[in-house]
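Residue numbers (the numbering used here), protein chains in the order written: chain U, 14 to 142; chain W, 138 to 854. Ideal placement from N, C-alpha and C gives every residue a C-beta, glycine not left out. Below is one structure, written out as structure tokens; comments come after it.
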């Protein structure tokens with residue numbers, strides 16, 4: 014299966030709106046600006062995690078790759094970034110078995126997907142606020 | 138969902154991802170929680186004490202200290218031991234779920250989290266945890282209450298026959314909960330053997346009626362200690378009205394019982410001697426009287442007073458006096474206990490019972506003994522004699538040796554009174570009479586009884602002397618051939634010619650001889666004398682006659698009979714066939730194996746065997762057939778009214794027929810009239826004996842009779 018074919022498709026399907034609506038529902042009328050704060054936390058935390066993926070991947074540090082992929086997977090899933098979460102999960106599971114690189118999504122693949130998501134998330138956060 | 142009222146619940150959120158903490162906090166705050174956060178395991182442990190959370194939400198994957206380790210460490214803190222801990226795990230990771238439970242997590246929530254449900258889940262978990270905690274608390278307080286009250290509870294599902302016992306129930310039964318499976322059988326097996334029937338009854342009542350209450354039974358613990366437990370039970374009925382589930386309590390009331398016992402002891406026992414007191418004795422006596430009235434039994438009441446105890450007390454002082462009293466009480470109790478005639482108390486009596494039950498201290502130096510199941514009145518005298526004898530042995534109080542005697546009065550039910558008070562009063566009066574008679578003796582309340590007892594006692598010693606002095610003699614009654622009138626035998630009968638009393642009838646001295654055992658030497662004397670006499674007639678040239686000797690039961694049963702007979706035959710040189718021993722039915726039937734042995738030994742010697750008084754006892758015909766008998770004697774009671782009494786006539790005819798079919802000769806005794814003789818002749822009776830022919834004669838007269846017959850037959854011949 015080729016991941017690159019899906020990554021190159023910058024459609025809105027990269028973002029699951031239902032997850033975002035669930036977060037909005039926790040914050041009646043958006044009074045607390047919850048979604049904005051969550052998105053902000055995500056956008057702040059994701060780049061260092063992607064950098065860690067790249068560094069650890071190059072160093073062959075499977076544990077570090079796994080931990081970074083796990084964190085990014087969780088937070089991405091929470092925001093409905095299902096495709097990114099899936100990619101992270103693939104990397105996490107392989108790393109747990111000690112497998113790195115090869116046919117797996119690379120840090121660059123993750124970064125590209127994140128860059129696709131970023132404007133969409135900012136748009137959602139802005140709309141909520 | 139609204140905030141849950143007065144108390145605010147605190148949730149501690151432990152996750153390294155700030156976004157997760159934010160979302161969880163947001164979710165939980167909406168359902169009323171106050172949230173504390175920790176970014177990793179170490180932080181969580183640090184903040185735990187201050188936060189005092191009601192619930193902990195714990196991420197698994199965290200740097201430094203992961204969720205599993207954090208959970209383990211939380212559990213090790215007392216406050217964290219029962220706290221609900223929810224672990225946040227990946228949905229795809231069943232391994233982590235297993236591990237979560239292993240380290241003590243209460244539950245898990247899988248990621249990604251469905252925020253709309255999270256609040257409900259956490260609230261629910263907290264409520265369940267509170268409920269569990271409350272149950273545990275109630276359970277603990279219930280158990281404490283049960284332990285304090287020694288009250289155990291149990292349940293019994295009849296359909297599945299499953300039994301549950303509470304911890305206190307196990308404790309009461311002395312069993313370890315992990316070593317024993319509760320069951321009704323297990324319970325019943327521990328009931329005291331004497332109470333088991335009652336307990337089984339209670340169980341079956343419970344199953345049938347669905348309830349019982351208040352029954353107290355004794356349980357024996359594995360260590361042997363006995364507990365009194367009170368059982369109560371109630372059943373639940375199903376739609377068809379049958380009991381399907383039972384529940385109840387078991388309460389250890391041993392201490393209560395013991396307290397009751399102590400109170401009873403104070404009320405019923407004498408402190409100085411430990412013996413039952415007058416109150417107890419009177420109640421026991423009343424009870425025994427009620428029983429004796431129903432069963433037509435006889436009871437003896439014995440009043441014992443120490444002779445000149447006041448003098449002892451005055452000389453030696455009260456302390457020594459009391460010690461002596463206690464020693465006297467012990468000795469009397471022991472003696473009473475060893476006396477077989479004393480009835481044993483029945484269990485379940487309203488007054489306490491123990492081994493010294495028959496004995497009581499009424500007052501000062503006055504004791505009393507209750508003798509139940511008195512077979513004969515003079516058995517009471519045996520007890521009195523025994524007690525007097527025991528007291529005559531010296532007592533040692535301190536370094537002093539003391540001698541004590543007592544005077545005893547005896548009152549008998551129903552002879553001397555029908556109620557406890559009268560009997561006690563009359564026993565007391567008899568005791569005073571004994572004092573007047575010079576102390577150290579006993580007296581019956583009834584003077585007639587005194588006379589009889591005295592007579593019996595002196596009769597015994599007189600009998601002993603009679604043997605030495607040769608006061609016994611034999612009389613002889615002929616046995617006649619019914620068909621010819623010829624004398625063919627005779628029965629030897631013992632007589633006692635007392636130097637002062639003259640002739641004493643056998644009916645008076647034989648029972649005393651049997652009771653005292655003197656019957657054996659007396660029997661030996663009769664056998665010997667009868668053989669010697671018969672041989673003397675033989676030597677004098679008279680025709681041979683067989684001589685019959687009555688054997689008493691003790692003589693036959695004590696096994697010396699065979700040797701006695703052999704000795705008598707040897708000494709007299711009489712032909713064995715001329716000796717006939719007469720035995721009664723009841724003697725023969727008592728223990729058939731021994732009887733057979735003795736009979737065959739006698740038979741082997743050549744001695745004739747007769748069964749005496751036939752028809753008055755109980756005989757097994759099949760045994761009769763096995764005995765090597767020669768003669769059967771019809772009892773005189775059947776002969777008496779012959780031939781008018783149709784029943785006696787029929788019996789006599791039947792006995793004759795039966796004896797002949799067993800090839801036995803038949804003798805009828807007590808024949809006094811010609812009509813009787815005619816009837817017996819007509820029906821083929823072989824021999825007759827009675828006043829019609831001759832009364833018992835002395836040796837000389839009988840010899841003359843034999844001589845006359847000899848002359849007659851010589852003339853006829």
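Out of 289(W), 782(W), 614(W), state which residue places its alpha-carbon closest to the alpha-carbon of residue 304(W).
As a working mapping, residue 304(W) is identified with position 167 in the second chain. When only C-alpha atoms are compared, the closest one is 289(W).
In angstroms, rounded to a whole number, what distance separates the CA positions of residue 656(W) and residue 674(W)?
Here residue 656(W) refers to the residue found at position 519 of the second chain. Here residue 674(W) refers to the residue found at position 537 of the second chain. So the two alpha carbons sit approximately 27 Å from each other.
At least one CB of chain W closer than 8 Å to the CB of residue 88(U): is that the case?
Here residue 88(U) refers to the residue found at position 75 when the first chain is read from its first residue. Chain W contact via Cβ: present.
Can residue 134(U) and residue 52(U) be called in contact, C-beta distance under 8 Å?
Position 121 of the first chain holds residue 134(U). Position 39 of the first chain holds residue 52(U). For residue 134(U) and residue 52(U), yes; Cβs fall inside 8 Å.
Expressed to the nearest angstrom, what Euclidean distance is found between the alpha-carbon atoms of residue 97(U) and residue 90(U)?
The residue given as residue 97(U) occupies position 84 in the first chain. The residue given as residue 90(U) occupies position 77 in the first chain. Inter-residue distance for residue 97(U) and residue 90(U) is about 8 Å (C-alpha atoms, whole angstroms).
So residue 786(W) and residue 751(W) are in contact, right, with Cβ under 8 Å, and what is the actual spacing, rounded?
The residue you call residue 786(W) lines up with position 649 of the second chain. The residue you call residue 751(W) lines up with position 614 of the second chain. Contact flag wrong, Cβ pair sits at about 16 Å.
What's the gap between the Cα of residue 308(W) and the Cα of residue 349(W)?
Residue mapping note: residue 308(W) aligns to position 171 of the second chain, counting from 1. Residue mapping note: residue 349(W) aligns to position 212 of the second chain, counting from 1. Each residue's Cα considered, the two are about 23 Å apart.
Can you tell me the Cβ-Cβ gap for residue 670(W) and residue 611(W), rounded? I've got them flagged as a contact below 8 Å.
Translated into positions along the second chain, residue 670(W) becomes position 533. Translated into positions along the second chain, residue 611(W) becomes position 474. Sure, about 7 Å apart at Cβ, within 8 Å.
Can you check the stretch 353-379 of chain W for any beta strand (DSSP E) of at least 3 residues that lies completely inside it and give the ranges in chain order?
363-374
Taking 8 Å as the cut-off, does the stretch 518-528 of chain W touch the stretch 418-425 of chain W (at least 3 CB pairs, one atom from each stretch)?
no
So which residues of chain W does residue 38(U) contact, with C-beta pairs closer than 9 Å?
Residue numbering aside, residue 38(U) sits at position 25 when the first chain is read from its first letter. Ordered by position in chain W, the residues that pass the 9 Å Cβ test against residue 38(U) are 252, 253.
List, from N- to C-terminal side, the alpha helix (DSSP H) runs of 4 residues or more that fit wholly inside the stretch 213-268 of chain W.
You should have 231-239.
At 3 residues or longer, and completely inside the stretch 283-355 of chain W: list those beta strand (DSSP E) runs for me, N to C.
288-294, 299-302
Between residue 48(U) and the rest of its own chain, which residues show a CB-CB distance below 8 Å, the 5 nearest in sequence each way excluded?
Here the question's residue 48(U) lines up with position 35 in the first chain. 33, 36, 37, 40, 137, 138, 141, 142.
Drop a sphere of 10 angstroms on the beta-carbon of residue 115(U), count the other beta-carbons inside from all chains shown, and report buried for 16 or more, exposed for fewer.
Counting from 1 along the first chain, the entry for residue 115(U) is found at position 102. With fewer than 16 Cβ atoms within 10 Å of its Cβ, residue 115(U) is classed as exposed.
Can residue 779(W) and residue 801(W) be called in contact, C-beta distance under 8 Å?
By 1-based counting over the second chain, the position of residue 779(W) is 642. By 1-based counting over the second chain, the position of residue 801(W) is 664. No, these two residues do not count as a Cβ contact at 8 Å.
Tell me whether the beta-carbon of residue 376(W) lies closer than 8 Å to the beta-carbon of residue 352(W).
Along the second chain, one-based indexing puts residue 376(W) at 239. Along the second chain, one-based indexing puts residue 352(W) at 215. For the pair residue 376(W) and residue 352(W), the CB atoms are not nearer than the 8 Å cut-off.
Do residue 776(W) and residue 746(W) have their C-beta atoms within less than 8 Å of each other?
Numbered from its first residue, the second chain carries residue 776(W) at position 639. Numbered from its first residue, the second chain carries residue 746(W) at position 609. Contact: no.
Quickly, what does DSSP pair residue 770(W) with across the bridge? List them, please.
On the second chain, position 633 is the one that residue 770(W) refers to. 804(W).
Name, please, each residue of chain W whose Cβ falls closer than 7 Å to the Cβ of residue 112(U).
In the first chain, counting from the first residue as 1, residue 112(U) sits at position 99. Near residue 112(U) there are no residues of chain W at all, since even the closest Cβ is about 17 Å away, more than 7 Å.
Please confirm if the stretch 535-544 of chain W is in contact with the stretch 553-562 of chain W, defined as three or more CB-CB distances below 8 Å between the two stretches.
no
Could you name the residues of chain W that residue 35(U) contacts, counting a contact when the two beta carbons are closer than 8 Å?
Reading the first chain from its first residue, position 22 is the one you call residue 35(U). Neighbours of residue 35(U) on chain W, chain order: 251, 252, 253.
Using the C-alpha atoms, what's the distance from residue 444(W) back to residue 578(W)?
As a position in the second chain, residue 578(W) is number 441, starting the count at 1. As a position in the second chain, residue 444(W) is number 307, starting the count at 1. Near 10 Å, if we compare the C-alpha coordinates of residue 444(W) and residue 578(W).
Name the DSSP bridge partner or partners of residue 424(W)?
Your numbering for residue 424(W) matches position 287 in the second chain. Partner(s): none; residue 424(W) has no beta bridge.
What is the DSSP secondary structure of residue 175(W), reduced to helix, strand or coil?
Position 38 of the second chain holds residue 175(W). Of the three classes helix, strand and coil, the one that applies to residue 175(W) here is strand, per DSSP.
Under a Cβ-count criterion, where at least 16 other Cβ atoms within 10 Å of its own Cβ denotes burial, should residue 18(U) be classed as buried or exposed?
Position 5 of the first chain, counted from the start, is the residue given in the question as residue 18(U). For residue 18(U), the predicted model reports a pLDDT of 40, less than 50, meaning its position is unreliable; a value from the coordinates is still stated below. When all chains shown are included, residue 18(U) counts as exposed.
Using a Cβ cut-off of 7 Å, pull out every chain W residue sitting near residue 51(U), in sequence order please.
Here residue 51(U) is taken as the residue at index 38 of the first chain, counted from 1. Simply 156, 159, 160.
Thinking C-alpha only, which one of 316(W), 362(W), 374(W) is nearest residue 344(W)?
Stepping through the second chain from its first residue, residue 344(W) is reached at position 207. From the listed residues 316(W), 362(W), 374(W), the smallest Cα separation to residue 344(W) is found for 374(W).
Excluding the five sequence neighbours on either side, which residues of its own chain have a C-beta within less than 7 Å of the C-beta of residue 835(W), listed in chain order?
As a first step, residue 835(W) must be located in the second chain, where it is residue number 698. Closer than 7 Å at the Cβ level, and outside the excluded window around residue 835(W), lie 612.
Does DSSP put residue 629(W) in a helix, in a strand, or in coil?
Translated into the one-based positions of the second chain, residue 629(W) becomes position 492. The answer is strand: DSSP assigns residue 629(W) an E or B state.
Smallest Cα separation from residue 322(W): which of 340(W), 313(W), 760(W)?
Here residue 322(W) refers to the residue found at position 185 of the second chain. Here the closest residue by C-alpha is 340(W).
Give the straight-line distance between the Cα atoms of residue 275(W) and residue 268(W), rounded to the nearest whole angstrom.
As a first step, residue 275(W) is located in the second chain; it is residue number 138 there, counting from the start. As a first step, residue 268(W) is located in the second chain; it is residue number 131 there, counting from the start. Near 10 Å, if we compare the C-alpha coordinates of residue 268(W) and residue 275(W).
Sort 327(W), 195(W), 597(W) by Cα distance to residue 179(W) and report the nearest one.
Reading the second chain from its first residue, position 42 is the one you call residue 179(W). Measuring from the Cα of residue 179(W), the nearest candidate turns out to be 195(W).
Thinking just about the alpha-carbon of each residue, which of 542(W), 541(W), 564(W), 540(W) is nearest to the one in residue 879(W)?
Because chain W is modelled from 138 through 854, residue 879(W) falls outside the range shown and cannot be assessed.
The alpha helix (DSSP H) that contains residue 52(U), what's its start and end?
Sequence index remark: in the first chain, residue 52(U) carries index 39 (1-based). Where residue 52(U) is concerned, the enclosing alpha helix (DSSP H) stretches over 47-72.
Check for me: the beta strand (DSSP E) holding residue 149(W) runs from which residue to which?
Translated into the one-based positions of the second chain, residue 149(W) becomes position 12. Residue 149(W) -> beta strand (DSSP E) spans 147-151.
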